[in-house]
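See structure below.
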Amino acid sequence: MSTFQRTFIFLGFLGFAGYLVSFISNRDSLFEAYTQKIPGTQVTFEMTPIPEGEFLMGNDNSNNQDEKPAHKVKLDSFWMGTHEVTWEAFELFLDKNYELAISEEPIGEIVDGLSRPSLPYLDMTFGMGKEGKPAVGMTQYGAIQYCHWLYLKTGIFYRLPTEAEWEYAAKAGSNSRFFFGDDPSKLIDYAWIKENSKESTQKIGTKKPNPWGLYDIYGNVLEWTYDLYDPEFYKKSNSLNPQNPPVRLYSRVVRGGSFATAADELSATKRFQTSPDWKRIDPQIPKSQWWFPEAPFLGIRIVRPLNPPSPELIKNYYTASPITDY
Amino acid sequence: MKNSNSRRDFIKTGALVTGGVLASPFVLPGAYAAPVNELKLAVIGCGGRGTGAVFQAMETGHPIKLVAMADAFRDRLDNSHKLILEKYGADKVAVPEEMKLVGFEGYKEAIAAADVVILATPPGFRPMHFEEAVKQGKQIFMEKPVATDAAGIRRILKAAEEAKAKKLNVVVGLQRHYQNNYRDTIAKIHDGAIGEITGGQVYWNDGGVWVRERQPGQTEMEYQMRNWYYFNWLCGDHITEQHVHNIDVANWVKKGYPVKAEGTGGRLVRTGKENGEIFDHHVVSFTYEDGSVIHSECRHFPGAANRVDETFQGTNGRAYLSAGNHGILTDWKGKELYNHSRDNQPNPYQQEHDELWATLFKGEYKFADAENAAKSTMTSIMGRYATYSGKPLTWDEALNGSVDLFPEKLAWDAMPKILPGPDGYYPHAIPGKTKVI
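Right, here's the structure in full:
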């Protein structure tokens with residue numbers, strides 16, 4: 390073999406290897422399950438890819454008028470939190486001094502300057518405990534600011550799911566009442582609900598997941614979406630990546646039921662909404678923009694779009710001012 | 004009321020009402036015995052809680068008119084006034100510019116303008132404000148705690164006697180007394196449902212509360228008053244400001260006040276300059292006259308477990324109570340004797356006002372919460388004296404304590420008694436060394 394030939398083969402090999410590397414790393418960074426470490430801490434969470442696709446949103450056979458009409462919706466790809474956000478992660482955001490104490494490295498000026506929740510006067514675990522359990526009781530503003538904090542820490546655009554994204558991920562390709570079929574009595578294999586929860590949140594990931602690998606998508610805690618609740622929305626919504634921006638404080642859409650929801654009240658299409666009653670016992674005026682002192686059943690599951698929007702849109706998402714509540 | 008027409012109407016109405024207020028006599032005890040058409044309200048302390056209390060008064064639906072507001076800070080007063088006016092309109096809110104009383108002294112004029120007063124400043128000011136309201140013969144809603152040291156408690160107790168003599172209704176925001184699960188379950192305990200109470204445990208363990216950063220140009224007095232949670236003359240430490248709720252439940256269940264306290268505490272995780280002088284944990288044993296002991300624990304540790312509730316043991320069973328509407332009695336084998344409903348319970352913060360204002364509009368005398376509130380606050384202060392000194396002390400020693408935390412003079416350029424060292428950190432109690440009484 391001549392030097393020329395050897396060089397040619399070597400270069401060819403390099404080229405092929407380079408192609409392989411780029412192929413693998415693209416696939417890798419593009420669209421597989423991954424574990425996100427919160428920088429400077431031992432806290433991690435898992436993200437599951439939800440492939441782009443089309444599905445039928447809503448349910449024409451429901452007794453709830455707000456689920457009608459069933460309509461086709463097409464969504465871009467995104468990752469979704471494999472689990473609901475836990476206290477371990479949320480509490481780092483909640484208290485800067487605690488984050489500083491836990492972190493193995495400086496947290497940086499930007500994170501340092503982030504607006505944090507007012508520490509709740511009440512015990513926001515409601516006696517249910519924290520370890521391995523979903524964080525609860527936060528407003529949508531608090532949930533979005535948690536995403537903001539994650540963005541400042543990781544550089545990745547995390548946000549709340551739209552209502553459509555939530556339903557698509559929960560259905561996981563099925564068209565039945567639940568992803569496992571129509572029988573609510575089987576929910577107890579997949580979910581912490583009124584029938585089996587003993588009126589408390591439970592550790593995440595201790596029931597069977599849905600076919601796309603999402604745990605506790607039903608029950609445990611209601612999950613925040615970004616959308617304003619409008620019972621008529623399905624009659625007028627876009628078919629591509631629909632969302633109904635939360636221009637009013639009440640009500641907004643929360644999904645999936647909680648430990649306090651009975652099996653017969655629950656389905657993949659059921660639309661729950663927030664209530665000002667959840668701040669009824671807040672003794673302060675204006676009422677807290679961070680906490681619902683009577684919503685121990687409300688938590689967060691985050692998403693990450695495969696193709697993030699422009700930095701400007703990201704900034705707008707995170708810096709929208711909260712609406713005064715009184 | 005958001006449009007400019009309403010604003011103009013409000014100003015006109017406000018001027019008329021002020022004339023009326025100045026011309027009308029105070030509501031005197033003797034005259035206060037018949038149904039009333041309208042009551043004038045003043046709020047002293049226009050923070051979130053004072054504003055919230057005004058909302059709750061208005062939500063009772065009675066003909067109440069807010070006529071005066073007082074606060075140390077103009078911005079706090081303005082924010083409060085804006086929200087109350089927007090929500091309830093000029094018919095209910097008639098506070099002309101001259102009745103927006105800013106500074107340390109405005110409370111006297113605000114109280115004078117009203118029939119009923121809400122006292123909701125940081126607790127260090129409460130004795131001064133309560134004394135004045137009683138002196139002027141007003142009906143009173145005041146927030147807990149009612150003082151921050153024994154000197155303040157003695158003033159409250161004296162004024163409470165005068166309030167009783169004058170038949171002035173006094174409701175205090177220890178709202179568990181207006182919450183059904185506490186009322187009903189403790190009534191059962193007092194009826195002997197679990198026998199004699201031999202011991203108990205009361206908790207307020209959570210991650211702590213807000214901090215307000217020092218701003219350029221603030222005097223030391225202004226900084227401490229903005230960041231008041233961390234200074235004892237204003238707040239009394241979290242064992243008093245917050246944990247008083249649970250300690251008060253223990254006293255309620257025990258139908259008395261402890262004769263002795265011993266305890267330990269310190270600053271372990273919340274140790275910054277911005278955290279003033281207060282401890283981040285206190286653990287106290289309170290011994291009652293019958294020898295029974297209540298364990299009290301309060302802690303502000305972020306990341307650690309939370310617990311806010313009360314448990315008691317009796318000769319025939321146990322009790323569990325919490326602000327989340329729990330009220331459970333069991334026998335010693337765990338058999339449930341009573342379980343209070345948790346569904347559709349009234350909001351205790353609203354209940355306080357519903358009951359108070361209904362009584363006021365009937366012209367009746369029914370509420371005398373000040374003495375118990377003073378003694379429960381005193382219990383918490385005695386706990387703090389025990390943890391700060393590291394020494395046991397009796398009720399009488401604590402109540403007669405001569406240490407007065409209040410500043411000699413109230414003015415923006417005056418100095419509080421507690422001041423930061425050259426490094427910006429505040430001195431705090433050292434058990435074994437600190438003198439508390």
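Note that the protein sequences, when read in sequence, are chains A and B. According to our numbering, the first sequence is numbered sequentially starting from 390. According to our numbering, the second sequence is numbered sequentially starting from 4. Think of the CB as a built atom: it goes at the ideal place given N, C-alpha and C, for glycine as much as any other residue.
Between the Cα of MET145 of chain B and those of B:ILE200, B:ASP81, B:GLU112 and B:LEU44, spot the shortest distance and give me the residue it belongs to. Within the second sequence, numbered from 1, the residue matching residue 145 of chain B stands at position 142. Among B:ILE200, B:ASP81, B:GLU112 and B:LEU44, the Cα nearest to that of MET145 of chain B is on B:LEU44.
Give the secondary structure of LEU25 of chain B by DSSP, where H, G and I count as helix, E and B as strand, and everything else as coil. Counted from its first residue, the second sequence places residue 25 of chain B at position 22. Reliability of the predicted coordinates at LEU25 of chain B is poor, the pLDDT of 34 falling under 50, and no value is obtained from them.
Listed from N- to C-terminal order along the chain, which residues in the stretch 482–511 of chain A have their beta-carbon within a distance smaller than 8 Å of any beta-carbon of chain B? LEU483, ASP484, ASN486, TYR487, ALA490, ILE491, SER507, LEU508, PRO509, TYR510 and LEU511
Please list the partners that TYR352 of chain B has in chain A, where partner means a Cβ-to-Cβ separation under 7 Å. Here residue 352 of chain B is taken as the residue at index 349 of the second sequence, counted from 1. Within 7 Å Cβ-Cβ: ILE670 and PRO672.
Could you tell me which residues DSSP puts in a beta bridge with GLY570 of chain A? Numbered from its first residue, the first sequence carries residue 570 of chain A at position 181. Answer is A:PHE567, bridged to GLY570 of chain A.
C-beta neighbour in chain A for PRO219 of chain B, strict 8 Å: Taking the first residue of the second sequence as position 1, residue 219 of chain B is located at position 216. No - not a single Cβ of chain A is within 8 Å of the one on PRO219 of chain B.
Quick one: measure Cβ to Cβ for VAL462 of chain A and ALA558 of chain A, integer angstroms, because I've assumed they're closer than 8 Å. Taking the first sequence and counting its residues from 1, the one referred to as residue 462 of chain A is at position 73. Taking the first sequence and counting its residues from 1, the one referred to as residue 558 of chain A is at position 169. Actually they do not touch by this definition, with Cβ atoms about 12 Å apart.
Smallest Cα separation from THR333 of chain B: which of B:THR318, B:ASN347 and B:ASN208? Taking the first residue of the second sequence as position 1, residue 333 of chain B is located at position 330. Per the Cα distances, B:THR318.
With 16 other CB atoms within 10 Å as the buried threshold, where does GLU701 of chain A fall? Here residue 701 of chain A corresponds to residue number 312 of the first sequence, with the count starting at 1. Exposed.
Output, in chain order, the set of chain B residues within a Cβ distance shorter than 7 Å of PRO550 of chain A. Stepping through the first sequence from its first residue, residue 550 of chain A is reached at position 161. Ordered by position in chain B, no residue passes the 7 Å Cβ test against PRO550 of chain A, which lies about 28 Å from the chain.
Complete runs of the beta strand (DSSP E) confined to the stretch 292–316 of chain B [at least 3 residues]: 296–303
For ILE250 of chain B versus THR382 of chain B, is the C-beta spacing smaller than 8 Å? The residue given as residue 250 of chain B occupies position 247 in the second sequence. The residue given as residue 382 of chain B occupies position 379 in the second sequence. Their beta carbons are under 8 Å apart, which means ILE250 of chain B touches THR382 of chain B by this criterion.
Output, in sequence order along the chain, the residues in the stretch 394–414 of chain B whose CB is closer than 9 Å to any CB in chain A. none
Go ahead and pull the three-state DSSP assignment for TRP613 of chain A. Start at 1 with the first residue of the first sequence, and residue 613 of chain A comes out as number 224. Note: TRP613 of chain A maps to strand in three-state DSSP.
First through last residue of the alpha helix (DSSP H) which encompasses ARG157 of chain B: Position 154 of the second sequence, counting from 1, holds the residue named residue 157 of chain B. Per DSSP, ARG157 of chain B belongs to the alpha helix (DSSP H) from 153–168.
Is there at least one non-hydrogen atom of the ligand PLP closer than 7 Å to the beta-carbon of TYR206 of chain B? Although the ligand PLP was asked about, the structure shown includes no ligands whatsoever.
Contact check, THR390 of chain B vs HIS285 of chain B under 8 Å by CB: the rounded distance? Position 387 of the second sequence, counted from the start, is the residue given in the question as residue 390 of chain B. Position 282 of the second sequence, counted from the start, is the residue given in the question as residue 285 of chain B. Between THR390 of chain B and HIS285 of chain B the beta-carbon gap is near 4 Å, inside 8 Å, which marks them as a contact.
Beta-carbon within less than 6 Å of VAL174 of chain B's beta-carbon, same chain only, minus the 5 sequence neighbours each way: which residues are those? Counting from one through the second sequence, the residue named residue 174 of chain B turns up at place 171. For VAL174 of chain B, where only same-chain residues beyond five positions count, the Cβ hits under 6 Å are PHE144, GLU355, LEU359, PHE370 and ASP372.
Can you list the residues of chain C that PHE515 of chain A reaches, using a CB-CB cut of under 8 Å? Included in the structure are the protein chains A and B, with no chain C among them.
Give a yes or no on contact between the stretch 574–586 of chain A and the stretch 473–483 of chain A, applying the rule of three or more CB pairs nearer than 8 Å. At 8 Å Cβ cutoff, the stretches do not touch.
Please tell me whether PHE58 of chain B has its Cβ less than 8 Å away from any Cβ of chain A. Residue numbering aside, residue 58 of chain B sits at position 55 when the second sequence is read from its first letter. So yes, PHE58 of chain B belongs to the interface.
Considering only the alpha carbon of each residue, which of A:MET469, A:GLY497, A:LYS625 and A:GLY516 lies closest to THR424 of chain A? One-based indexing of the first sequence puts residue 424 of chain A at position 35. Looking at the Cα atoms, A:MET469 is the closest of the given residues.
Members of the stretch 86–98 of chain B that neighbour chain A once the beta carbon cut-off is set at 7 Å: LEU86 and LYS90
C-alpha gap between SER411 of chain A and LEU419 of chain A, whole angstroms: The count along the first sequence starts at 1 and reaches residue 411 of chain A at position 22. The count along the first sequence starts at 1 and reaches residue 419 of chain A at position 30. Because SER411 of chain A carries a pLDDT of 37, less than 50, the predicted location of this residue cannot be relied on, and no value is offered for it.
How is the alpha helix (DSSP H) around MET469 of chain A delimited, first residue to last? In the first sequence, counting from the first residue as 1, residue 469 of chain A sits at position 80. Counting along the chain, MET469 of chain A falls outside any alpha helix (DSSP H), though it belongs to the beta strand (DSSP E) covering 467–470.
Just the C-alpha distance for GLY594 of chain A and TRP236 of chain B, rounded to the nearest angstrom, thanks. Taking the first residue of the first sequence as 1, we reach residue 594 of chain A at position 205. Taking the first residue of the second sequence as 1, we reach residue 236 of chain B at position 233. Taking the straight line from one Cα to the other gives about 48 Å.
What does TYR715 of chain A reach in chain B if we use C-beta pairs closer than 7 Å? Residue numbering aside, residue 715 of chain A sits at position 326 when the first sequence is read from its first letter. Residues of chain B passing the Cβ test: LEU86 and LYS90.
If you measure from the beta carbon of PRO428 of chain A to each beta carbon in chain B, is any gap under 8 Å? As a position in the first sequence, residue 428 of chain A is number 39, starting the count at 1. No, no contact with chain B.
Can you tell me whether DSSP reads ALA432 of chain B as helix, strand or coil? In the second sequence, residue 432 of chain B corresponds to position 429, counting from 1. It is coil, neither helix nor strand.
Measure from the C-beta of PRO675 of chain A to each C-beta in chain B and report whether the shortest distance is under 8 Å. As a working mapping, residue 675 of chain A is identified with position 286 in the first sequence. Yes, contact with chain B.
What residue from A:TYR607, A:SER565 and A:ASN705 has the CA that sits closest to LEU576 of chain A's CA? Against the first sequence, residue 576 of chain A aligns to sequence position 187. The candidate whose alpha carbon is nearest that of LEU576 of chain A is A:TYR607.
For SER83 of chain B, the three-state DSSP class (helix, strand or coil): Along the second sequence, read from residue 1 onward, the residue named residue 83 of chain B stands at position 80. Reduced to three states, the DSSP call for SER83 of chain B is helix.
Quick check on SER9 of chain B - is its C-beta less than 8 Å from some C-beta in chain A? Mapped onto the second sequence, residue 9 of chain B falls at position 6. Reliability fails at SER9 of chain B, whose pLDDT of 37 lies under 50, so the model's placement of it is uncertain and the value that follows must be treated cautiously. Closer than 8 Å: no.
Rounded C-alpha distance that separates GLN59 of chain B from HIS303 of chain B: On the second sequence, position 56 is the one that residue 59 of chain B refers to. On the second sequence, position 300 is the one that residue 303 of chain B refers to. Their Cα atoms are separated by approximately 29 Å.
Determine whether the Cβ of GLY518 of chain A lies closer than 8 Å to any Cβ atom of chain B. To locate residue 518 of chain A, count along the first sequence from 1; it is residue 129. At a cut-off of 8 Å between beta carbons, GLY518 of chain A contacts chain B.
Within 10 angstroms of the Cβ of SER414 of chain A, are there 16 or more other Cβ atoms? Answer buried if so, exposed if not. As a position in the first sequence, residue 414 of chain A is number 25, starting the count at 1. Since pLDDT at SER414 of chain A reaches only 38, below the 50 mark, its modelled position is unreliable, and no value is offered.
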